[in-house]
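Chains as they are written, first to last, in our numbering: chain L, 1 to 290; chain G, 291 to 713.
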């Protein structure tokens, strides 16, 4: 029973970690209609920003979180219009052009990280690294709880913005039909830049937590891109609420299968589930995908 | 009208094109002759300069490059009283066996390398072996540790590091033997890729030979979160935990163990613990972790090129800013093996196809001592063409430094066992 509780807790926390960088990915798809392959690179760069701040300034990972928000928000705000322009260009198949652009961006950022920080695996210390809390016989790793709380906070903030503000209404209108939104007075290009900036900021912050919980090197970005894409497909592309549910499902399945069947079967089970969901419900588990 | 207004007409284009093709056709034999009179040895390196094994790939590159730089400083490789400089050519395998095979073919066919130095991973090494055999080009592998690399008896491939089945099993036996109170049980984790899996199998076989009860044997995907596996193992409460994997996975195992407040009495991991980056990134949490080394700067060997092992360590540190581990050292020693074989062969570069086959035979007869230790390749059995001369040493990280703790005749400090609880 103790192992079962620990297994479920591990799974929920893994789900929270994956959700932390998948939510922004979903939002970007919903508004810009771009599958952003650069998501893993933003996670990696967030980790390296925290590593730099830790080694150069001697500050812990948590101090890097607001810095990551500002730095990556600004970078995302600048890149957003470029992606918007490519996605809405009059060339043939702009969706594929945008896909190629984000893949190129991913490659560029990965190469940049390799040049700046080298090939070594790095780690970021925080005040909660390695700390845990015992509740009965279950060990609660506090840093992972922070990542889970971060994912929940980001999701809650996004829901508030999307459903309780006029700006959120404009975002939803743009997601639904950008031409009509434009006719209603929404500055679609600027809104897209803001959304991409918000996404990059949140994903960079998630990267800080990833580097603290695991580690960071220039090559792990592809893994995060794959996980975010998996969660997005399982959730239904563009569904922010579905992303949290899909990430939790991912985490719990990984944990349960690894513990009770065997670690080598965990990803097999996860991708088999994805296949089944695509067969039965192509718009994702909540049927809200695009 | 473009052609008449300052551009290039179709007729001119055809004329220029024909002239260019003609020049290349006429010049090609001379270009070939230029290579034929080359006064350098062309050395091709296939390794992981991108992809998930970029860390180890660059370690191998550093080792090979250091040898080339030092040899060139000394005038080059000596053949028949004359010295020839070394020119290095690189092929990035992108941590992918098929890409490695393509890179090897390019280096052999286009760059016309005289010899190949092998990849970081055993998986890529296995993919490159048939290419070496097809073109008859010898390859010296400074990194491959999987026993599978040698089981197929590769005629043109030679390995500097003893296969991991000879080292991981022995080392876990040494750890069990030195433990006090005696360890009775073990859990083994292996990352699910060829080398790490074979390391884990070596740990399991060594543990069974040492009379330990194997409570769990888990193969995990390289992308997996480690907490479920660690929780499962913690519930079984083994005395020892052994992990086969590379540096990133090892760092994540230690972090996951600490976050779940689980610390076994003894923890042994391979490969990556001996690299200073492991201790640097984990800080105090790395202390107490055991690993395997087939070379340390303290070994009592030397040669004419690098001097003593300690001098090699200082030179590598000055060049790359980090102390070398045994993989980097073995890669540098690969160059020494090539230089020795080329000298005995007595043929000047560039090597003809027959020369390359003769070079392979000369490498097979290697019997030298380098700063890395003795080098002599097996001529039969499951470790065919592998250098199993170096003796594995059990190391433990103490205050961030790898220190030999076993077997007793090689120990420089006492094994810390059982490990204290996490602070």
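Where a beta carbon is used, it is the ideal one built from N, C-alpha and C, also for glycine.
Among the CB atoms of chain L, none fall inside 9 Å of the CB of residue 585 of chain G.
Contact of residue 267 of chain L with chain G by beta-carbon distance below 9 Å involves 511, 513, 514. Residue burial is scored here from C-beta neighbours: residue 144 of chain L has at least 16 other C-beta atoms within 10 angstroms and is therefore classed as buried. In the DSSP assignment, residue 560 of chain G forms a beta bridge with G/534.
In this structure, DSSP gives residue 482 of chain G a state outside helix and strand, which the three-state scheme calls coil. Counting every other CB atom within 10 Å of its CB across the protein chains shown gives residue 134 of chain L a total below 16, marking it as exposed.
Listed along chain G, the residues sitting closer than 8 Å to residue 119 of chain L by beta-carbon distance are 344, 345, 347, 348.
At a cut-off of 9 Å between beta carbons, residue 517 of chain G contacts chain L. Under the three-state reduction of DSSP output, residue 509 of chain G falls in the strand class. For residue 580 of chain G, the closest C-alpha among the options G/569, G/590, G/588 is that of G/569. Along the stretch 3 to 28 of chain L, the positions whose C-beta sits under 7 Å from a C-beta of chain G are 3, 6, 7, 10, 14, read in chain order. Residue 331 of chain G: member of the beta strand (DSSP E) spanning 330 to 337, first to last residue. Residue 213 of chain L belongs to the set of residues whose beta carbon lies under 9 Å from a beta carbon in chain G.
Residue-level contact check: residue 273 of chain L does not touch chain G, since none of the beta carbons of chain G fall below 9 Å from its beta carbon. Segment contact: the stretch 539 to 556 of chain G against the stretch 638 to 645 of chain G, fewer than three CB-CB distances shorter than 8 Å; contact not assigned.
Here the stretch 182 to 196 of chain L does not lie against the stretch 50 to 64 of chain L, with fewer than 3 beta-carbon pairs under 8 Å apart.
Cβ-Cβ separation between residue 332 of chain G and residue 404 of chain G: approximately 5 Å, consistent with a contact (criterion under 8 Å).
Among the residues of chain G, those whose CB is under 7 Å from the CB of residue 219 of chain L are 341, 342, 344, following chain order. Judged by DSSP in its simplified three-state form, residue 687 of chain G adopts strand. Put simply, of G/386, G/706, G/702 the residue whose alpha carbon is nearest the alpha carbon of residue 555 of chain G is G/706. A check of alpha carbon separations from residue 586 of chain G across G/467, G/574, G/578, G/563 identifies G/563 as the nearest. Taking a Cβ-Cβ threshold of 7 Å, the residues of chain L close to residue 549 of chain G are 130, 132, 141, 143, 144, in chain order.
The C-beta distance from residue 234 of chain L to residue 248 of chain L rounds to 11 Å, too long to fall under 8 Å, and the pair is not in contact. Listed in chain order, the non-local C-beta contacts of residue 615 of chain G below 6 Å within the same chain comprise 564, 565, local neighbours out to five positions each way being set aside.
With distances taken between CA atoms, residue 232 of chain L lies nearest to L/243 out of L/262, L/21, L/225, L/243.
In the structure shown, the three-state DSSP call for residue 406 of chain G is strand. In this structure, residue 251 of chain L keeps its C-beta atom at 9 Å or more from the C-beta atom of residue 150 of chain L. For a Cβ distance threshold of 8 Å, residue set 120, 121 of chain L lies close to residue 567 of chain G, ordered along the chain. Separation of the CB atoms of residue 538 of chain G and residue 239 of chain L is rounded to 32 Å, and the pair is thereby denied contact status at 8 Å. Nearest C-alpha to residue 229 of chain L among L/37, L/14, L/32: L/37. With a threshold of 9 Å between beta carbons, residue 522 of chain G makes contact with chain L. Chain G has a Cβ within less than 9 Å of the Cβ of residue 256 of chain L.
Proximity to residue 7 of chain L across L/129, L/140, L/86, L/19 peaks at L/140, based on C-alpha coordinates.
By alpha-carbon distance to residue 87 of chain L, the top candidate from L/260, L/45, L/34 is L/34. Taking 9 Å as the cut-off, the beta carbon of residue 361 of chain G is found no closer than this to the beta carbon of residue 621 of chain G. Residue 535 of chain G and residue 177 of chain L have their C-alpha atoms some 49 Å from each other.
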